[in-house]
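Below: one structure, written as structure tokens.
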Amino acid sequence: MATILINQDNFYHNLNQIALKTGSIEKIAIVLKDNAYGHGLEIMAALSSTFGIRHAVVKNIEEAARIRARFETILILGDTAVRDEVYTFAVNTLSDIQNAQKGAKIELKVDTGMHRNGIALNEIDTALKQIEKHGLELIGVMTHFRSADEMGSSFFWQQKQFDLVKEKVRAAGFEKVRFHSHNSAAVLRTRNFCEDLVRVGIAAYGYSELPYPFDIYRLKPVMTLVAEKVASRRLSKGERVGYGGDFTAPVEMKVSTYSLGYGDGWPRGKSEHPYITAEGTPVLGRVSMDFIVLESEKEVALIMDNAQKAAKQFGTISYEMTTALSPKIERIVV
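Mind the numbering: the sequence shown is residues 992 to 1325 in the numbering used here, read in order.
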């Protein structure tokens, strides 16, 4: 079977790097949505809580319920707001405010330029009035940067827009509100962090997508993917492997199947451009639903120890490599 190893020391190293940027562990909200980017929701919540993280961000109430006891606040990004002592809810539209349960704690998301989710800038005054009218508790105001990991003026333009949002909220009489806009890329590139919270996702798991000439941060990958050997066989020269026989043995060779496939969330890729494992061994032929074939006799093969490097082989990003892995794969803290 395949196994995901979670490196506790690397995770804590990454959180320490973020804390150096924010000036305080208390300002870190760990993003645990989508099974903690594939690392395991309950495992990463437990590690985060032990480290001293008090705030978390998840996708829905189902995720929040599984880690409720670990945090002081849990921001839920995609569910209808209900009254709860721990949960706060992102509201993206005026109808979200109308549908929220009276007394619910909410965090108003404002669209400052990404144009994906959030209240429009010209709707802020209306939104704030409706929040009061419907008896909701405004806990936070937030936005999301569309290109914090790219050079250009867009990042600074959105910051200026969010500054105007802050002024409007304060002018409306909302004082005890936490403001947060920074994701991983934003906090890593920022010299002087001055907000109340940072929503840390991919950086906590060991990756920075910032290009040159931004500062290089020595983050450490938290996830390692290994797979156990299922069977070995000797191929004669000219024998072909797997569906379609896409790989032909150039010489006599010893190969083994390993318990990992696209049914586990591993990319199928293209056999003409085979994935090279972390040990430098190419996948032979097509990836099957449950198996890959390697020229190896090792009992356990190291498939991936750096999702960013693996992602480049598939033309994708580290987020997709880790998040796509099946929650049924066992995760073990090492």
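Glycine is no exception: its CB is placed at the ideal position from the N, C-alpha and C atoms. It should be emphasised that the depicted structure is a prediction, and the values quoted were computed from it without experimental measurement.
- DSSP places F1170 in the uninterrupted beta strand (DSSP E) bounded by 1169-1171.
- H1046 sits in a strand when the DSSP states are folded into three classes.
- Counted as a single uninterrupted DSSP element, the alpha helix (DSSP H) harbouring F1147 occupies residues 1145-1162.
- When only Cα atoms are considered, E1290 and I1267 end up about 18 angstroms apart.
- Straight-line measurement puts the Cα of G1229 at about 14 angstroms from the Cα of G1235.
- When the alpha-carbon of K1300 is set against those of L1023, M1244, G1271, the nearest one is in G1271.
- DSSP lists no beta-bridge partner residue for G1252.
- Residue pairing for G1233: DSSP places it in no beta bridge.
- In the DSSP assignment, A1020 falls within the unbroken beta strand (DSSP E) covering 1019-1022.
- In this structure W1257 is buried. Its beta-carbon is surrounded by 16 or more other beta-carbon atoms within 10 angstroms.
- Y1078 is bridged by DSSP to I1065.
- One thing to note: F1153 has its Cβ within 8 angstroms of the Cβ of T1134.
- Burial state of S1039 is buried, judged by a 10 Å Cβ sphere holding 16 or more other Cβ atoms.
- I997 carries a strand assignment under DSSP once its states are collapsed to helix, strand and coil.
- A straight line joining the alpha-carbon of G1094 with that of F1184 spans about 31 angstroms.
- For I1019, the closest alpha carbon among the candidates K1319, H1173, I1308 is that of H1173.
- By the CB criterion at 8 angstroms, S1262 and D1281 fall outside the cutoff.
- Each residue's CA atom was taken as its position, placing L1006 and I1016 some 8 angstroms apart.
- For V1178, the enclosing alpha helix (DSSP H) has its first and last residue at 1175-1180.
- Take D1140, set aside five residues on each side of it, and the residues of its chain with a beta-carbon closer than 6 angstroms to its own are A1176, E1200, L1201, in chain order.
- In terms of CA proximity to V1082, G1109 leads the group R1074, K1012, G1109, V1246.
- Here DSSP, grouped into helix, strand and coil, assigns R1059 to helix.
- With a contact defined as Cβ atoms closer than 8 angstroms, K1024 and V1048 qualify at about 6 angstroms.
- Excluding the 5 residues flanking it on each side, V1278 has same chain C-beta neighbours closer than 7 angstroms at G1252, Y1253, W1257, R1259, G1260, in chain order.
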